[in-house]
Amino acid sequence: MATRIYSCPMHPEIQQDEAGACPKCGMDLVKQPSAVSPAALYTCPMHPEIQQDEPGACPKCGMDLVPMRTSGPSDDDDNDDSELRAMRRRLVVAAILAGAVAGIAMAPALGLPLERWWPGRGWGWVEWALATPVVVWAGAPFFVRGWMSLVHRHLNMFTLVALGTGSAYLYSVVVLLFPEAMPASMKTAAGASQLYFEVAAVIVALVLVGQVLEMSAHRRTDSAIRDLLGLAPPTARVVRDGQEVEVDLASVHPGDVLRVRPGEKVPVDGEVVEGHSAVDESMITGEPVPVQKETGASVIGGTVNRTGSFLMRADRVGSDTVLSQIVELVGAAQRSRAPVQNLVDRVAAFFVPAVVVCAAAALAGWVLLGPDPALANGFAVAVAVLIVACPCALGLATPMSIMVGVGRGAGEGVLIRDAEVLERLEKASVLVVDKTGTLTRGRPELTDVVTADGQPSDEWLGLAGSLEQSSEHPLASAFIEGARARGFDLVSPDNFEAVVGGGIVGEVSGRAVVVGKRGLLEERGIGLGEALDRAAADLEKEGRTVVWVAVDGSLAGVMAVSDPIKDGASEAIEHLHRLGIRVVMLTGDAEATARSVAGALGIEEVAAGMTPETKHDRVVALRGGGQGVVMAGDGVNDAPALAAADVGIAMGTGTDVAIHSSGVTLVQGDLRGIVSAVLLSRATMRNIRQNLFFAFAYNALGIPIAAGVLYPAFGILLSPMIAAAAMSLSSVSVIGNALRLQRSRLDR
């Protein structure tokens, strides 16, 4: 569905989907002439403020713009790949013609007497005929981008490419047309002037190689998002007027009733209204075991219905579904900028002008001090300096690593909001964790059943579970589910009564049942056995909630409930300690319960009875000590602390408020995801530093060599063609190193 876009007349980079005032100048935003879908908007990986409704080049850095929303399998692949295919066509033509012109130029060095076969300037005209389509047609995008960089006063790699190849080509044309007008300093000992058609053509071909590799790499980095988009089915089966009609997914509206058959994917988010089934939710939760769904259960779009057929009501469709929000989050994170990129931008702002100055200085030095033909050599050196110093590797170093790192995180269930989060997370030294729903499952379960002395069995558990069916206490469901799990059939109670602050009483199958605190039983004259009293005390010391049960006036036993520790929590805490991260538990729960959970997990620093305000203040105090603080939580009460931390990590199974207050969301709600997030941040930032080292070291070595510093001692002069190959190789090394993040094993 198209989205209406409003922009500022003074600052066109300001765009939003509703009317308002420009945050920069205060002018009213105006509606763009055409409504543009976010899926059709393109942006620059290095400058996300640049947005337009068609592909092209960034006016600031010259990089190819990428779609703001990755297309799915159902989109028009031809349109999606058109830019890449067009660049490949240019590369094929350029490679063939540049190879031919280079072969002609290098023939004398290979012992082929072309001049003897066709004397005069004939071969020069052949070189011109072969090189012109390469420079004028295949290299046209580079000259357009170079010109735009001058117009917008943002010099970039294409400024240097255009200057280098344009100078080599135009110089060669002048030499070919007016050979007699060339000064002696431009001629070899044989009296001929050097042509550089092969230099211009080969440089264009090599730069095209880098561009194709870059564009292909961008598509590869979208793989995680494409996999997510592929989870949504293209159609849905809507029930209308008693008939099932198959419609496009875009035609489903909130409130529609949908039929989901065995083996089909759930089309959108909603609620089961009829039927039951087992649904595979592993793509969201990571759990391989299908989840049983009954009437009233929620289902998520993209999950797979395994067994039964059911009807569901569509609640959230389109961009409101969980799957779409995950895709948007990952896409936005891939387009974001890490703070380290600001350093790269500052360097790049001075780099290109400095390279032009270096090229001019090298030209002057060779003309004044170099051997004959001094001007020809100086010109070749200047072109080599311009080409070898192209900062394409510098421009790719950070964005490529960010895109790959965020994409890999999405594939592992770690959703990262933006690149800054990755940089902050790498510096984390303290992890603050909530208990309920973060370290524990957040759902109390019946963990212990102790039968009183003299009782033949735990039959009383079924009676207690039956009585709890009429209770509204938050722990009632734990007793009910626990009794059913142990094989008891529950029945409806009679004469039910809730005793405020004490428990519940009633009759089940004609038997009098009392469930509650020990004081409730004592008030009714029911004696508490000494052995059972000790067992109850031991359970309470372990942080469990103990409930006493009596049947027909006699003590039956005690039941204990607790919030079980999540699977993998102990492993995650141990791993975090090995990574040098200090773990602190802040919880609003009771001291005994908090200490019990902390002891089981090996957490030494614990603060219980915390309010949202005191959690927030504690996080602020830790940050004030100069430590990188990460906060992990899942509830509304955790939102202030999540927002106050350097990085907030929310459980994907938690509340929307917690998720919106965080920088990282763990889709599976598994604490081991924090370990993955930390390792991923460290690997990504390490990869960025490696890329920046490659880029800077390459230029630090390449520019002096291209300028001819090795010539006096070794007689080595770098050909502009070799310079172009080295420049492309630097980009390939950065791209390859970034893509290595997709498959490399994180340092554990």
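Residue numbers for the sequence shown follow the working numbering, so the first one is -15 and each next one is one higher. Yeah, the Cβ is synthetic: ideal placement off N, Cα and C, and Gly gets one too. Quantities reported herein were computed from a predicted structural model and do not represent experimental measurements.
Chain B within 8 Å of residue i, Cβ atoms only
i: valine 301; result: Given the protein chain composition of this structure (a single chain), no chain B is represented.
Candidates the options, of which the one nearest residue i by Cα
i: alanine 540; options: Lys525, Ser546, Asp517, Val567; result: Asp517
i: valine 371; options: Gly449, Thr149, Leu114, Val604; result: It should be noted that the sequence gives isoleucine, not valine, for residue 371. Minimum Cα distance to isoleucine 371 is reached at Thr149.
i: valine 405; options: Glu38, Met594, Arg666; result: Arg666
i: proline 218; options: Glu248, Val241, Ile549; result: Glu248
i: leucine 570; options: Lys599, Phe334, Val119; result: Lys599
i: glycine 485; options: Gly254, Asp264, Asp478, Leu505; result: Leu505
i: alanine 625; options: Asp402, Arg579, Glu597; result: Glu597
i: phenylalanine 678; options: Ala691, Arg72, Ser715; result: Ser715
i: arginine 607; options: Val659, Leu663, Ala412; result: Ala412
i: valine 545; options: Gly490, Ser476, Ala623, Leu459; result: Leu459
i: valine 749; options: Val256, Ser454, Gly87; result: Any answer about residue 749 is impossible in this case: the structure gives the chain only from -15 up to 732.
i: glutamate 507; options: Arg528, Arg495, Val483; result: Val483
i: valine 118; options: Gly106, Trp350, Gly83, Gly494; result: Gly83
i: alanine 344; options: Phe363, Phe334, Val331; result: Phe363
i: valine 186; options: Ala89, Val223, Ala234; result: Ala89
i: glutamate 481; options: Glu456, Phe463, Gly503; result: Glu456
i: aspartate 225; options: Leu233, Val241, Pro337; result: Val241
i: arginine 495; options: Arg528, Gly513, Leu447; result: Leu447
i: valine 567; options: Glu575, Ala576, Ser554, Asp573; result: Ser554
i: leucine 430; options: Arg401, Ile464, Leu399; result: Ile464
i: leucine 295; options: Gln227, Leu655, Val339; result: Gln227
i: proline 383; options: Met132, Ala373, Ala403, Gln36; result: Ala403
Where the alpha helix (DSSP H) through residue i begins and ends
i: valine 128; result: 124 to 135
i: glutamate 575; result: 575 to 585
i: threonine 668; result: 656 to 691
i: glutamate 423; result: Rather than glutamate, the amino acid found at residue 423 in this sequence is leucine. Element bounds for leucine 423: n/a, residue is neither H nor E.
i: phenylalanine 363; result: 358 to 372
i: alanine 279; result: Residue identity differs from the one stated: residue 279 is threonine in this sequence, not alanine. Note, threonine 279: premise wrong, no alpha helix (DSSP H); not H, not E.
i: glutamate 396; result: Run containing glutamate 396: none; DSSP gives neither H nor E here.
i: arginine 562; result: 553 to 562
i: leucine 626; result: 623 to 628
i: valine 110; result: 106 to 116
i: arginine 408; result: 403 to 410
i: alanine 697; result: 695 to 698
Residue i: first and last residue of the uninterrupted beta strand (DSSP E) it sits in
i: lysine 599; result: Unbroken run through lysine 599 is the alpha helix (DSSP H), 596 to 608; no beta strand (DSSP E).
i: valine 244; result: 241 to 244
i: arginine 470; result: Note, arginine 470: premise wrong, no beta strand (DSSP E); not H, not E.
i: threonine 435; result: 429 to 435
i: serine 261; result: 261 to 264
i: valine 76; result: No beta strand (DSSP E) holds valine 76; the alpha helix (DSSP H) holding it covers 66 to 90.
i: threonine 219; result: 219 to 224
i: phenylalanine 812; result: Outside the displayed span of the chain (-15 to 732) sits residue 812, for which this structure offers no information.
i: glycine 617; result: 613 to 617
i: phenylalanine 480; result: 478 to 483
i: leucine 650; result: 648 to 650
i: glycine 446; result: First-last for glycine 446: 444 to 452, but that is the alpha helix (DSSP H), not the beta strand (DSSP E).
i: isoleucine 633; result: 631 to 635
i: isoleucine 34; result: It is not in any beta strand (DSSP E) - isoleucine 34 carries neither H nor E in the DSSP assignment.
Contact belief for residue i with residue j at Cβ below 8 Å, rounded distance in angstroms
i: leucine 75; j: valine 196; result: 5 Å
i: aspartate 547; j: threonine 420; result: 6 Å
i: alanine 281; j: glycine 239; result: Actually they do not touch by this definition, with Cβ atoms about 18 Å apart.
i: alanine 366; j: leucine 347; result: 4 Å
i: alanine 661; j: leucine 409; result: 6 Å
i: glycine 612; j: valine 434; result: Not confirmed; about 46 Å, so no contact.
i: arginine 245; j: serine 293; result: 5 Å
i: valine 263; j: valine 275; result: 5 Å
i: glycine 537; j: isoleucine 510; result: 6 Å
i: alanine 216; j: glycine 285; result: 6 Å
i: glutamate 258; j: threonine 279; result: 6 Å
Near the ligand ADP: residue i beta-carbon under 7 Å from a heavy atom
i: glutamine -1; result: The ligand ADP is not among the ligands present in this structure, which contains no ligands whatsoever.
Q: Would you list, in sequence order, the uninterrupted beta strand (DSSP E) runs of no fewer than 3 residues that lie entirely inside the region 496 to 547?
A: With a minimum length of 3 residues, the continuous beta strand (DSSP E) runs that stay inside the region 496 to 547 are 529 to 535, 538 to 546.
Q. Can at least three beta-carbon pairs, one atom from the region 609 to 620 and one from the region 579 to 590, be found at a separation below 8 Å?
A. Contact between the region 609 to 620 and the region 579 to 590 is absent: fewer than three C-beta pairs spanning the two stretches fall below 8 Å.
Q) Can at least three beta-carbon pairs, one atom from the region 624 to 637 and one from the region 647 to 659, be found at a separation below 8 Å? A) Taking a cut-off of 8 Å on C-beta distances, the region 624 to 637 touches the region 647 to 659, as three or more cross pairs fall below it.
Q | Segment contact flag, the region 437 to 446 with the region 555 to 570, C-beta cutoff 8 Å, min 3 pairs | A | Taking a cut-off of 8 Å for Cβ pairs, the region 437 to 446 and the region 555 to 570 do not touch, as fewer than three such pairs fall below it.
**Q.** Cβ contact check for the region 67 to 84 and the region 184 to 195: 3 or more pairs under 8 Å
**A.** Verdict: yes, contact present.
Q | Touching by the beta-carbon criterion (3+ pairs, under 8 Å), the region 716 to 727 and the region 385 to 400 | A | Yes, the region 716 to 727 is in contact with the region 385 to 400.
Q.
Can you confirm whether the region 110 to 125 touches the region 181 to 190 when touching is taken to mean that 3 or more C-beta pairs between the two stretches lie within less than 8 Å?
A. With contact defined as three or more Cβ pairs closer than 8 Å, the region 181 to 190 and the region 110 to 125 are in contact.
Q. Any contact of the region 489 to 502 with the region 517 to 537, i.e. 3+ C-beta pairs under 8 Å?
A. Three or more Cβ pairs closer than 8 Å define a contact, and the region 489 to 502 meets that threshold against the region 517 to 537.
Q) Are at least three pairs of beta-carbons, each pair with one atom in the region 356 to 364 and one in the region 675 to 691, less than 8 Å apart? A) Because the criterion of three Cβ pairs below 8 Å is not met, the region 356 to 364 and the region 675 to 691 do not touch.
Q: Could you tell me whether the region 424 to 434 touches the region 519 to 528, where touching means 3 or more Cβ pairs closer than 8 Å?
A: Counting C-beta pairs closer than 8 Å gives three or more between the region 424 to 434 and the region 519 to 528, which meets the contact rule.
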